[in-house]
């Protein structure tokens, strides 16, 4: 009967005789973590992922259709006595043409801002995220302060990955990047307190995208 010490030394000698252990595989640092998304279906993938995380998406083929859906949305969701704010001139012109009423100034913003409509820099298909920058007339407040945030976007703004969105922002602004970028993934939420999910804790409680065709 071998002693415990001899048994241990025997195992060591056997392991040494077998040669060095095989080296671990070398990671492929270049290959993407996720399989590539089909370029033809990026808008569909964004819509699926955006709705999966609690966002609402409304597809509009024409400006008239956008007007119909926005008026219906506001009639159902805008609280009585509250305001729908739109500060970007291009969108103000579009909504005026579509006959959608809105507040174009900052009058009583803190007291009455229930809904804000902004543009965005990109829509990320992989995560269903929206990239928003304050380099527009909407600034930082209109996408954060109102209880409900609406985004007007185009299918051509959908990109596959977050890094694609950042490259798009870099190409647009060059060396004059916005002071911040907000990557918004679904409505604001937290479950920090007793694991109870609360919407609207740090920002808008509802997030909706109106996707208007590029040729509209």
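Residue numbers (this note's numbering): -2 to 213. We put the CB at the ideal spot given by N, CA and C, even for glycine. In this text, all values refer to a predicted model and were calculated from it rather than measured experimentally.
For residue 48, the uninterrupted alpha helix (DSSP H) segment begins and ends at 39 to 49. Excluding its 5 nearest sequence neighbours in each direction, residue 1 has no C-beta neighbour in its own chain below 6 Å. Annotation: residue 23 is outside any beta strand (DSSP E) and is labelled neither H nor E by DSSP. Counted as a single uninterrupted DSSP element, the beta strand (DSSP E) harbouring residue 127 occupies residues 126 to 129. Burial check for residue 184: the Cβ neighbour count within 10 Å reaches 16 or more, so the residue is buried. Between the stretch 100 to 108 and the stretch 73 to 88, the count of C-beta pairs closer than 8 Å reaches three or more; the two stretches touch. DSSP, reduced to helix, strand and coil, places residue 173 outside both helices and strands of the structure shown, so it counts as coil.
Our two residues, residue 87 and residue 149, have alpha carbons roughly 11 Å apart in a direct line. Between the C-alpha atoms of residue 69 and residue 75 there is a straight-line separation of about 10 Å. Residue nearest to residue 155 within the set 90, 117 and 170 is 117 (criterion: CA-CA distance). Here DSSP, grouped into helix, strand and coil, assigns residue 106 to helix. Here the stretch 113 to 129 does not lie against the stretch 10 to 19, with fewer than 3 beta-carbon pairs under 8 Å apart. DSSP, read as helix, strand or coil, puts residue 62 in helix. Rounded to the nearest whole angstrom, the CA to CA distance from residue 186 to residue 37 is 32 Å. Look at the beta carbons and you see the stretch 167 to 182 touching the stretch 131 to 142: at least three pairs across the two are nearer than 8 Å.
Around the beta carbon of residue 145, 16 or more other beta carbons lie within 10 angstroms, which makes this residue buried.
Sequence-distant partners of residue 213 (beyond 5 residues in either direction) whose C-beta falls short of 6 Å from its own C-beta, in its chain, are 59 and 60. Our two residues, residue 115 and residue 188, have alpha carbons roughly 27 Å apart in a direct line.
By the CB criterion at 8 Å, residue 162 and residue 34 fall outside the cutoff. The residue among 41, 194 and 99 with its C-alpha nearest the C-alpha of residue 152 is 41.
For residue 140, the secondary structure class from DSSP, reduced to helix, strand or coil, is coil.
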